[in-house]
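Let me begin by presenting the structure, written as structure tokens, before commenting on it.
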Amino acid sequence: MAQPQSQPLIRILEDGPLLVSGGVPLYRSTILTDADGFSVGYSEPVLVPTHGTYTLCRCGEALDGPFCDGTHVETRFDGAEQADCRPFDEQAQRFPGPGTMLLDVLPLCAGTRHCTLAEGDTWELVEKSDDPHLRELAIRTAQLCPAGRLVVLDPATGAALEPEHEPSIVLLEDPEVKSSGPIWVRGGIPVQSSDGTVHEVRNRVTLCRCGESHIKPFCDSVHIRLGWHEGKGKG
Ligand code: FES
């Protein structure tokens, strides 16, 4: 008889990988840019074969793909977690506009640049959100933010205007800046710290996989400055 599937969960192992359980599908996707270099979306996710529970490298040194291969033991990876554990709403700076309200937690920026278009950045678009077209762009650019740094609210109800995501994990690539990207966790999968604390469950978060973020387990975009690439170690 088939065993019932446990609930999706990501556990941060102390100075080690992420342990993913609950049958969470794993994909790869690439950040897409237009002819002018603006980030406009993501490529169709490609499924990565996994077997139930799996471990994803977060030290940045695994030599063969996204999975932990034990290198973190040899390199004595320091995976200390320094993230601000307060709820998003408590940390967020508020940017009210006539057609929507933007909430922003700057330290969570994963550097994917979906917040900037030729028409303006998300903050400018929110300021001009009495224009229906610009309001739509403000909402779309915030929703494309994989880190959930940017969240837009319906001013009438105060409800977050969130994209629908199935519980899943996406390994991002960012060729425009010549770097691999973070681990994009979608669809409200709980992330449990190595001390047992469970972070606020959110629809979109990005986790560090280069090993150098200052807000582990979350991404702070440092992989771009490092030009970090999956499977190549850090030299
Ligand atoms: S966390 Fe184990 S090899 Fe990176």
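Every number in the working numbering is 1156 more than the matching position in the sequence shown, counting from 1.
All C-beta atoms, glycine included, are put in the ideal place defined by N, C-alpha and C.
Small disclaimer: the values here were computed from a predicted structure and weren't measured.
I'd like to know whether the C-beta atoms of residue i and residue j end up nearer to each other than 9 Å.
i	j	result
residue 1327	residue 1204	yes
residue 1324	residue 1181	yes
residue 1177	residue 1221	no
I'd like the span of the alpha helix (DSSP H) that includes residue i, first residue to last.
i	result
residue 1238	Note, residue 1238: premise wrong, no alpha helix (DSSP H); not H, not E.
residue 1279	1278 to 1283
residue 1381	1378 to 1382
Tell me the rounded alpha-carbon separation between residue i and residue j.
i	j	result
residue 1286	residue 1294	11 Å
residue 1330	residue 1268	8 Å
residue 1258	residue 1236	31 Å
residue 1299	residue 1306	7 Å
residue 1273	residue 1321	23 Å
residue 1190	residue 1166	33 Å
residue 1349	residue 1339	16 Å
residue 1317	residue 1248	16 Å
residue 1168	residue 1213	10 Å
residue 1386	residue 1244	29 Å
residue 1291	residue 1283	9 Å
residue 1288	residue 1319	19 Å
For residue i, report the span of its beta strand (DSSP E) as first-last.
i	result
residue 1299	Note, residue 1299: premise wrong, no beta strand (DSSP E); alpha helix (DSSP H) at 1288 to 1300.
residue 1308	1306 to 1309
residue 1360	1360 to 1363
residue 1166	1165 to 1168
Assuming residue i and residue j are in contact, meaning their beta carbons sit under 8 Å apart, how far apart are those beta carbons, in whole angstroms?
i	j	result
residue 1383	residue 1311	In fact, because the Cβ distance is near 41 Å, the residues do not count as touching under 8 Å.
residue 1193	residue 1332	6 Å
How about residue i: is its C-beta nearer than 9 Å to some C-beta of chain B?
i	result
residue 1230	Considering every chain present, this structure includes no chain B. It has just one protein chain.
Would you be able to state if there are at least three C-beta pairs under 8 Å between the segment 1362 to 1370 and the segment 1212 to 1232?
yes
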